[in-house]
Structures are given as structure tokens and as C-alpha cells.
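Following: one structure in C-alpha cells, then a few remarks.
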Amino acid sequence: NLNVKAENLRLREHELEELSHYSKGTADVEYKFPWGFDEIWGIADRTDFDLKQHQIHSGSNMEYLDPTTNEKYIPYCVEPAVGVERLFLTFLTDSYEEQELEKIVLLGHSMGGFIAQEYTFKNSGKINKLIFNKIIRANSIVSVFCLYLS
């Protein structure tokens, strides 16, 4: 489970007129992007086309001997085509969520934690929450924090 919403995925088999000359059948795993469904992973039954072509043009014997039946044949190839970029875009798109939040001021690293504390003490009536994250020691610098302003 890759935590992609099931309603955003579909498996689409290619129509006969869409198939490549070498393909006996092709299916795409598609994702519903903001612009509509688009392929993220293609799977093609390339039959024995590739190995036959290699055998014809190289002169190499590409036949396989089945040890059980003693029959020779050229194996079929199945081509899964997937890219990291497509999957990354899928995960990024599927996890994107807009939220209606109060105004948030994020004041980075370094002395920011101390500045946020100082600001809070001076303006306590304007601040709903002051959240600190990743405090190492009592005297250390706060690495990340947020001010929630009213």
C-alpha cells in the first residue's frame, strides 16, 4: 500500500488501434491528475518480437529449450515501463491538500526561538499559540517554531 487514494487510480487496457506493432496487449496504470487521467505505469506484452528481431539481425539463436517438454521456442517479453518522475508526481499530487488556517508566521532557525519567545512576552494578547519543535536542551537554540497570530 503506497497510500495513493484508490479513487485516483485505474487500469486501462489499450484498444486494438492503440497497440504498437509489436504488442499483443498493453495496459496502463493511470492516475487522476488535476488535468485528468494520465499514465504512470505501462505494461506491454511484446510477444517474441524483440528476441526474434535480435535473432534475425544478429544470427544468434534465441530459442529456449523447455526441459519438461523438450520443445524449443522463443520466449515472450513483458515490458513494464515506469519512471521515478511519474511516481514522484503521483505521490506529490495525491498528498497535496489545501487547508484554511489562521495566519502562521514561521521564523526559521538559529536565534529565532529566542526572538519568538521575546515577541510572545511583549505581544501576548496577539498570539494564540507558540509551538516549539526539536528543542535539544534547555539552553540550546530552538530549531523550528511557529507563531499563530490572531
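The numbering of the sequence shown is the working numbering, which starts it at 13 and goes up by one. Note that beta-carbon positions come from the ideal geometry of N, C-alpha and C, so glycine has one too.
Hey, out of Val96, Met74, Thr80, whose CA is closest to Pro87's CA? Cα-wise, what sits closest to Pro87 is Met74.
Report yes if the CB atom of Ile52 is closer than 8 Å to the CB atom of Leu99, and no otherwise. At a Cβ-Cβ threshold of 8 Å, Ile52 and Leu99 count as neighbours.
Output the boundary residues of the beta strand (DSSP E) element that contains Asp50. Start and end: 48-57.
Lys44: first and last residue of the uninterrupted beta strand (DSSP E) it sits in: First-last of the beta strand (DSSP E) with Lys44: 37-45.
Give the straight-line distance between the Cα atoms of Glu97 and Ser35, rounded to the nearest whole angstrom. Roughly 25 Å separates the two Cα atoms.
Alpha carbon to alpha carbon, how far is Glu25 from Thr105? Give it in angstroms, no decimals. Put simply, the backbone Cα of Thr105 is about 24 Å away from that of Glu25.
Check whether the Cβ atoms of Tyr76 and Lys64 lie closer than 8 Å to each other. Tyr76 is not a Cβ neighbour of Lys64, given a cutoff of 8 Å.
Contact check, Leu14 vs Val41, beta carbons under 8 Å: Between Leu14 and Val41, the C-beta spacing is not below 8 Å.
Where Ser162 falls, given that 16 or more other Cβ within 10 Å makes a residue buried: Note that Ser162 scores a pLDDT of 43, beneath 50, so its modelled location is shaky and nothing firm can be said.
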